[in-house]
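Asker:
2 protein chains.
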Amino acid sequence: MFVEKKSAFEPGNQADGMVSMHHHNSRYSGTKMKAPVDDSAWLSFRSSPRARLDRFESHDILFHEDDPATNLYEIASGQIMLYRLLADGRRQVVDILSEGDLFGHSMTGLYDCSAEALMPCEVRILDRRDIEQSSELLGHVNRCLMSRIEVLHSHAVLLGRKSATERVASFLMRFVPGRGVVGCSGPKADVDQQVVVLKMTRQEIADYLGLTIETVSRVLSDLKRRGIISIEKNDRIKLVEVCRVCKMTGIH
Amino acid sequence: MFVEKKSAFEPGNQADGMVSMHHHNSRYSGTKMKAPVDDSAWLSFRSSPRARLDRFESHDILFHEDDPATNLYEIASGQIMLYRLLADGRRQVVDILSEGDLFGHSMTGLYDCSAEALMPCEVRILDRRDIEQSSELLGHVNRCLMSRIEVLHSHAVLLGRKSATERVASFLMRFVPGRGVVGCSGPKADVDQQVVVLKMTRQEIADYLGLTIETVSRVLSDLKRRGIISIEKNDRIKLVEVCRVCKMTGIH
DNA sequence: CGCGGTTTTGACCGGCTTCAAAGGGAGTGG
DNA sequence: CCACTCCCTTTGAAGCCGGTCAAAACCGCG
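Protein chains in written order, with my numbering: chain A, 1 to 252; chain B, 1 to 252.
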């Protein structure tokens, strides 16, 4: 079975410029992308019978840190977070993956982090050995890994050098199509609004941003008070003026 | 020209259990490594005339963030740091690379960070197009990228969730062969001592650990006062008891 | 010895965490 | 339909860790 990639602007649920985390494809994340790449070999491989499609519900754990790394996964739909734990229970969410992203690699034979579904997900389970044969497939895996590395670099900057407000602003921008992680292509239309649907609890956001739940909450309240966002329903946050949020990320 | 990988314990400069950053190969970083992998194709490719060997001095900049990503590099000897800057000058060192590590990949056509030599380095300049042909070569690149991702995950935990002391302890352990980044294999001998030679200034260490220069200095002074380390010469730090440092990393 | 750089130390401050309590929303049962 | 519970989120008050600013110490070098 092959699940067609959804556009971030399909009709129906995008009337007011809304976008959910669900629809944002981050595989080749963002705006600066080079020449288009031929991934036809990958497309036919992933839809071949060798790629089993599996389903996970919200908060299902696909694997734990230190489990034997048996599978390689590709997200067909939904979002997965990867996290690590310290011995005393401190948690750091190290990455958030979307449609098209690969995960479950390991150098050591053991997964280096845990993987948890942030929402109902469809996931393809792939066989490493199939991939190792073909340079086209390996090329695709390569590009996915490189993309991950660039995102992890951004995240290191966020965790190491940004203030709480800048972190939250960056986090919100992450879910604005074409303006997240990588770069800002400027306002897209006259109405520079965007509704972001967060499929993460405050605790998960905090663990991703290296903050506490209280700080995340306080920053969001503050942004609301200043009229920069409006919180429509705890997990639905409207960016009243995307550019203003963008300017708070610390990048510009 | 082909530079043989050096053992961390070659005779001569290792008499007192000293190890410099220089001799620590982190390519397949650490202890948990799975089955040995055949990299003969890579070894012969890298020593072919297509791989030009280049030399950089300490603090030479190989490329800047947003430069066109023309080259792919492999470190033959030395260490390179990758960093990103925010608009107001805040810097975050996102990775530190050693012998065997690859860098200079890009999804976007532009480098996503700057690269600076931490010491005199020999670097092989490779051609992407040569690599894209062969699945053996791509497999090697893949493993290097996966290894980077695991290190970046560790670093996210450090930046997001560790105290200043834990960060510095983790940093020091990074340069103890077989006990850094990935895992701790326990004390190696009766004398559990190790001299670490830092080829980074306090500023660079601070920018790597997401701290200020003053905090790094204060933590080191504190560790010295408590007899956990002794600072022989600003860039030569002796870990009096490696296990004690290890226990301060927050991992155990 | 004097100079420029880096590193260390000190004093103070502020942002984020911690601890504690109140608020809100969804689901359940009376 | 409302009361009650549970869990998550928000708000408040206080404390602390690390940042900031400033000065002293150190170190290599001419």
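Glycine included, each C-beta is placed from N, C-alpha and C at the ideal position.
Ends of the beta strand (DSSP E) at A:Asp54?
Answerer: Here the beta strand (DSSP E) through A:Asp54 covers 52-56.
Asker: Starting from A:Asp95, trace the alpha helix (DSSP H) in both directions and tell me its first and last residue.
Answerer: Per DSSP, A:Asp95 belongs to no alpha helix (DSSP H); it is in the beta strand (DSSP E), 91-97.
Asker: Hey, A:Gly78 and A:Glu122 are a contact pair by Cβ (cut 8 Å); roughly how many whole angstroms apart?
Answerer: Right, their Cβ atoms sit about 6 Å apart.
Asker: According to DSSP, simplified to helix, strand and coil, what is A:Arg179?
Answerer: Looking at A:Arg179 - three-state DSSP - the assignment turns out to be coil, as it is neither helix nor strand.
Asker: Pull up the DSSP beta-bridge partners for A:Tyr73, would you.
Answerer: Partner(s): A:Phe103, A:Ile125.
Asker: If you measure from the beta carbon of A:Met107 to each beta carbon in chain B, is any gap under 7 Å?
Answerer: Answer yes: the Cβ-Cβ gap between A:Met107 and chain B drops below 7 Å somewhere.
Asker: Whose C-beta lies closer than 6 Å to the C-beta of A:Ala51 among residues of the same chain, with five residues either side of it excluded?
Answerer: So the list reads Arg124, Leu126, once near-sequence residues are dropped.
Asker: Under 7 Å, CB to CB, which of the residues in the region 77-95 of chain A have a partner in chain B?
Answerer: Cβ contacts with chain B: Arg84, Leu86, Ala87, Arg90, Gln92, Val94.
Asker: Taking A:Leu198 and A:Asp235 to be in contact with their CB atoms under 8 Å, please state how far apart those CB atoms are, rounded to whole angstroms.
Answerer: Confirmed, Cβ separation roughly 5 Å.
Asker: Quick one: using the 10 Å Cβ neighbour count with 16 as the cut-off for buried, is A:Glu10 buried or exposed?
Answerer: Model confidence at A:Glu10 stands at a pLDDT of 33, short of 50, so the residue's coordinates are unreliable and nothing is read from them.
Asker: Give me the chain A residues within the contact set of B:Glu132, using Cβ-Cβ distance strictly less than 7 Å, ordered along the chain.
Answerer: Within chain A, the residues near B:Glu132 are Ser135, Gly139.
Asker: Would you tell me roughly how many angstroms separate the C-alpha atoms of B:Pro120 and B:Ser58, rounded to the nearest one?
Answerer: The straight-line gap from Cα to Cα measures roughly 5 Å.
Asker: Since A:Ile61 contacts A:Ser114 with CB under 8 Å, what's their CB separation in whole angstroms?
Answerer: Sure, about 6 Å apart at Cβ, within 8 Å.
Asker: Assuming the contact rule is C-beta atoms closer than 8 Å, A:His252 and B:Ala87 should be a hit. Round their C-beta distance to whole Å, please.
Answerer: Contact holds; Cβ gap of about 6 Å.
Asker: The alpha helix (DSSP H) spanning A:Val242 covers which residue range?
Answerer: Start and end: 242-247.
Asker: Hey, how far is the Cα of B:Phe56 from the Cα of B:Arg84?
Answerer: Whole-angstrom Cα-Cα distance: 20 Å.
Asker: Run down chain A in chain order and give the residues with a C-beta less than 9 Å from the C-beta of B:Glu150.
Answerer: Under the 9 Å cutoff, chain A gives His105, Ser106, Met107, Thr108, Asp112, Cys113.
Asker: Could you say if the region 238-250 of chain B and the region 168-175 of chain B meet the contact criterion of at least three C-beta pairs nearer than 8 Å?
Answerer: Taking 8 Å as the limit for Cβ pairs, the verdict is that the region 168-175 of chain B does touch the region 238-250 of chain B.
Asker: Just the chain A side, please: which residues come within less than 8 Å of B:Asn234 by C-beta, in chain order?
Answerer: By Cβ distance, chain A contributes nothing, its closest Cβ being about 24 Å from B:Asn234, past 8 Å.
Asker: Under three-state DSSP, which class holds A:Gln203?
Answerer: Helix, per DSSP.
Asker: Can you check whether the CB of B:His153 is closer than 7 Å to the CB of A:Asp112?
Answerer: Cβ distance < 7 Å, so A:Asp112 and B:His153 count as in contact.
Asker: For B:Glu166, does the count of other Cβ atoms within 10 angstroms reach 16, so buried, or fall short, so exposed?
Answerer: By the 10 Å Cβ count, B:Glu166 comes out buried.
Asker: Does the Cβ-Cβ distance between B:Arg225 and B:Ile213 come in under 7 Å?
Answerer: Result no, Cβ atoms of B:Arg225 and B:Ile213 do not sit closer than 7 Å.
Asker: Please confirm whether B:Ile210 has its beta-carbon closer than 7 Å to some beta-carbon of chain A.
Answerer: It should be pointed out that residue 210 of chain B corresponds to Gly in this sequence rather than to Ile. Judged by the 7 Å Cβ criterion, B:Gly210 is in contact with chain A.
Asker: Given that a residue counts as buried once 16 or more other Cβ atoms are within 10 Å of its Cβ, and exposed if not, what is B:Gly104?
Answerer: Buried, by the Cβ-count rule.
Asker: Mind checking whether A:Val253 and A:Leu82 have CB atoms under 7 Å apart?
Answerer: The structure shown does not extend to residue 253 of chain A, since chain A is modelled only from 1 to 252, so the question has no answer here.
Asker: Hey, would you say B:Gly210 sits closer than 7 Å to A:Gly210, going by beta carbons?
Answerer: Their beta carbons are not under 7 Å apart, which means B:Gly210 does not touch A:Gly210 by this criterion.
Asker: Measure the Cβ-Cβ separation of A:Ser135 and B:Leu145 and say whether it is below 7 Å.
Answerer: No, they are not a contact pair.
Asker: Quick check on the DSSP output: the alpha helix (DSSP H) that includes A:Ser47 runs from which residue to which?
Answerer: Per DSSP, A:Ser47 belongs to no alpha helix (DSSP H) and is neither H nor E.
Asker: Using a beta-carbon distance below 7 Å, is A:Leu159 in contact with chain B?
Answerer: It does; some Cβ of chain B falls within 7 Å.
Asker: Find the nearest neighbour of B:Val240 within the set B:Asp130, B:Glu65, B:Val195, judged by alpha-carbon distance.
Answerer: The shortest C-alpha separation from B:Val240 is found at B:Val195.
Asker: State yes or no: is the beta carbon of A:Gly269 nearer than 7 Å to at least one beta carbon in chain B?
Answerer: Residue numbering for chain A in the displayed model covers 1 to 252; residue 269 of chain A lies beyond these limits and cannot be assessed.
Asker: What number of angstroms, rounded off, separates the C-alpha of B:Glu232 from the C-alpha of B:Lys238?
Answerer: The straight-line gap from Cα to Cα measures roughly 7 Å.
Asker: Which two residues bound the contiguous beta strand (DSSP E) that contains A:Met81?
Answerer: 80-85 is the extent of the beta strand (DSSP E) around A:Met81.
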